[in-house]
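What follows is a single structure, written as structure tokens, with notes after it.
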Amino acid sequence: MTSSNAEFPLLDVRGSSRRRGEQIGAAFADRIARTVSIYQAYFARPEAEIFAVADRYRTGIAAFDGRLCDEIEGIAFGADVDPRWIYALNARSELLSALSAGECTAVHYTGTPHVGQNWDWAEPLEALVVLIRSEDEQGRRFLTMTEPGILAKIGLNDAGFAVCLNFLPTPKPTLGLPSHVLLRALLEARSWEDVEDVLARAGVGRSLNLLIAGSDGRGINIEYEGDVARRLKPGVHATTHTNHYLTCIAPVDPELLENSSARLSRIRTLTAPGTPAGLDRLKEVLSDRQHDKHAILAPYADSTGFLGRKGTVCTIAMDLAARRMHIRRGNDPAGPFSAIDVMVTQEAIPA
1 MTSSNAEFPL LDVRGSSRRR GEQIGAAFAD RIARTVSIYQ AYFARPEAEI FAVADRYRTG
61 IAAFDGRLCD EIEGIAFGAD VDPRWIYALN ARSELLSALS AGECTAVHYT GTPHVGQNWD
121 WAEPLEALVV LIRSEDEQGR RFLTMTEPGI LAKIGLNDAG FAVCLNFLPT PKPTLGLPSH
181 VLLRALLEAR SWEDVEDVLA RAGVGRSLNL LIAGSDGRGI NIEYEGDVAR RLKPGVHATT
241 HTNHYLTCIA PVDPELLENS SARLSRIRTL TAPGTPAGLD RLKEVLSDRQ HDKHAILAPY
301 ADSTGFLGRK GTVCTIAMDL AARRMHIRRG NDPAGPFSAI DVMVTQEAIP A
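If you count the sequence shown from 1, position 325 lands on 325 in UniProt numbering, and the numbers rise without skipping.
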């Protein structure tokens, strides 16, 4: 049973890349403007400098897949925003790659279609998050939770593939294909061969832990550290990740490392061999509040090195066999989840 009353606004878009972008921009114009304003402060750079970097990312995105530029520029047109701000939003992880900020606890139960994560980020974003269900000219569909103006973040598609992410800070240059553009491209995959092709063409140049899961139970987990990418072996019972590198020793702010390490230790305990698995269990472990200071489901709190309060904006648990996303807004462990299908047309929730 699916719900048409998700906690976040749900928008259905259809058609060409440009047309879908225009629909997103028009529907969420106010939210996009507010998101741009937030990131202007986070980037803490002159607009001319941000625009110069945005132009550089635009060139890279165009070389990777021009349709993604069409969608970005359609969003800008629909929202009446300079396209360079939308390019900058889509490269926000790269523009903030040196920031000391934990973002997410991710879990995939190995060999199952159950994968999900908490998205931990800035408190003001909770009021702005949107859900977009997209259908292209060939009838291919995906559903994503994302920030207004950003092509994709956490999501799944009608072929049974899902993407999750963990922000990983690095001082190395991050001028490759932006993380959120890569996530969006992966949501078009129809097979594991498509996934590998996208990953090969995307190359390196970002700071990200990327978790890809399929309805067949397979998964890929990759840490990107600027100019390098390293794959991790799936966990015996579950693959888990937080916000520090596991394949190398990289400089990490002590507060972030303490927080990320505590969450990783706890999530590994909760998903150790012999513990339950499945969708309900996934929701339970992502709702854990045992640690007063470093909870997996994190209440909003001030954080050194981060602008403003940070905590869990939402929790997402996906059933890839059913092509269904379960999402809960905020960080109340007793809060209800809403279920949204990729394949079923539901009435869009007003923005």
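We put the beta carbon where it would ideally sit given N, CA and C, even for glycine.
Going straight from the alpha carbon of residue i to that of residue j, what length do you get?
i, j, result
"ILE72", "LEU270", "39 Å"
"MET318", "ARG231", "22 Å"
"VAL228", "GLY60", "18 Å"
"ALA152", "GLY274", "34 Å"
"GLY111", "ARG218", "6 Å"
"ALA339", "VAL198", "29 Å"
"ALA321", "GLU49", "45 Å"
"ARG328", "VAL313", "9 Å"
"ALA202", "TRP121", "25 Å"
"HIS241", "ARG268", "9 Å"
"PRO169", "ASN243", "8 Å"
"PRO173", "GLU223", "15 Å"
"ASN166", "GLU258", "16 Å"
"ILE249", "SER134", "39 Å"
"TYR42", "TYR109", "34 Å"
"GLY311", "ASP302", "9 Å"
"GLU7", "SER261", "30 Å"
"PRO148", "PRO171", "27 Å"
"ALA272", "GLU196", "29 Å"
"ILE316", "ASP55", "33 Å"
"ALA62", "PRO124", "31 Å"
"ILE349", "ASP158", "At ILE349, the pLDDT of 44 sits below 50, so the modelled position is not reliable; the number obtained from the coordinates is stated separately. Cα to Cα, the separation comes out at about 21 Å."
"ILE296", "PRO254", "18 Å"
"HIS237", "GLY214", "16 Å"
"ASP332", "SER16", "38 Å"
"PRO336", "LEU210", "27 Å"
"MET1", "GLY116", "Note that MET1 scores a pLDDT of 28, beneath 50, so its modelled location is shaky; the value from the coordinates is reported in the next line. Roughly 19 Å separates the two Cα atoms."
"ASP12", "ARG309", "31 Å"
"PRO83", "LEU96", "19 Å"
"ARG14", "TYR87", "21 Å"
"THR35", "VAL53", "18 Å"
List the DSSP bridge partners of residue i.
i, result
"ARG231", "ILE222"
"GLN117", "ALA106, ILE316"
"ARG190", "Answer is none; ARG190 lacks a bridge partner."
"ALA301", "LYS310"
"ARG206", "GLY226"
"THR146", "VAL130"
"ILE38", "Note: ILE38 sits in no beta bridge, so no partner."
"ARG14", "GLU135"
"ARG329", "CYS314"
Just verifying my parser: in three-state terms, what is the DSSP assignment at residue i?
i, result
"THR240", "strand"
"LEU291", "First, the amino acid is wrong: residue 291 is His here, not Leu. Residue state, collapsed to three classes: coil."
"TYR109", "strand"
"CYS248", "coil"
"GLN138", "coil"
"VAL342", "coil"
"PRO9", "coil"
"ALA122", "strand"
"VAL129", "coil"
"SER215", "coil"
"ASP30", "helix"
"VAL163", "strand"
"ILE296", "coil"
"GLY335", "coil"
"GLY25", "helix"
"ARG323", "coil"
"LEU151", "coil"
"LEU168", "coil"
Assuming residue i contacts residue j under a Cβ cut-off of 8 Å, what Cβ separation, rounded to an integer in Å, is found between them?
i, j, result
"ILE212", "LEU186", "6 Å"
"GLY66", "GLY21", "Contact doesn't hold; Cβ gap of about 13 Å is too wide."
"GLY160", "THR144", "Not confirmed; about 15 Å, so no contact."
"THR105", "ASN118", "5 Å"
"ILE75", "GLY139", "So it is not a contact: roughly 22 Å between Cβ atoms."
"ALA29", "ASP80", "7 Å"
"ASP288", "ARG266", "6 Å"
"HIS180", "ILE220", "About 18 Å; that fails the 8 Å criterion."
"LEU208", "SER37", "Not confirmed; about 25 Å, so no contact."
"ARG31", "VAL130", "7 Å"
With a threshold of 6 Å, establish whether the CB of residue i neighbours any heavy atom of the ligand COA.
i, result
"ALA272", "For the ligand COA, the structure offers nothing, since it holds no ligand at all."
Determine whether the Cβ of residue i lies closer than 7 Å to any Cβ atom of chain B.
i, result
"VAL342", "Any reference to chain B falls outside this structure, which holds one protein chain only."
task: Only counting runs of 4 or more residues, tell me where the alpha helix (DSSP H) segments fall wholly within the segment 41-106, in order along the chain.
output: 47-64, 66-79, 83-90, 92-95
- prompt: Which full runs of the alpha helix (DSSP H) of 4+ residues lie inside the segment 253-291, going along the chain?
  reply: 254-270, 279-286
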